[in-house]
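Asks:
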Amino acid sequence: MNWVQQKPGITSPLIGARTVTQLEENLKSLEFKLTPEQVKRLDEASKPAEIPFPNSFVSNYDRFIGKNIEVPRKFEAISTSCNFGRINL
1 MNWVQQKPGI TSPLIGARTV TQLEENLKSL EFKLTPEQVK RLDEASKPAE
51 IPFPNSFVSN YDRFIGKNIE VPRKFEAIST SCNFGRINL
């Protein structure tokens with residue numbers, strides 16, 4: 001819980017407590033600050049072997065869809081904001 005709270009961009013860690021005792025234990029984990037070394041160890045231990053969908057899909061876009069596909073104009077904003085790079089508009 002402490003590690004999740006210190007991650008940038010995470011604004012609402014979820015507590016899965018079912019009892020008051022579990023809630024109290026979860027909240028105690030926020031009473032201290034992890035060292036940079038501890039955060040680094042936890043980051044390395046939790047790093048996924050591969051990046052999950054949708055990022056994995058986008059990186060393999062050509063393989064799944066085909067090279068130089070034509071994208072309808074109504075999707076132009078999406079395809080340019082996602083920086084696919086290979087899509088013809």
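Number 56 in UniProt numbering belongs to position 56 of the sequence shown; there are no gaps in the numbering. For each residue, glycine too, the CB sits at the ideal point set by N, CA and C.
Just how far apart, CA to CA, sit Lys7 and Thr19?
Replies: One C-alpha to the other measures close to 26 Å.
Asks: Below 7 Å CB to CB, which residues in the same chain sit around Ile10 once its five sequence neighbours on both sides are set aside?
Replies: Excluding sequence neighbours, Ile10 sits near Val4.
Asks: Give the secondary structure of Lys74 by DSSP, where H, G and I count as helix, E and B as strand, and everything else as coil.
Replies: In this structure, Lys74 counts as helix in the three-state DSSP scheme.
Asks: Just curious, the alpha helix (DSSP H) that Lys7 is in, first and last residue?
Replies: Neither: Lys7 is in no alpha helix (DSSP H) and is coded neither H nor E.
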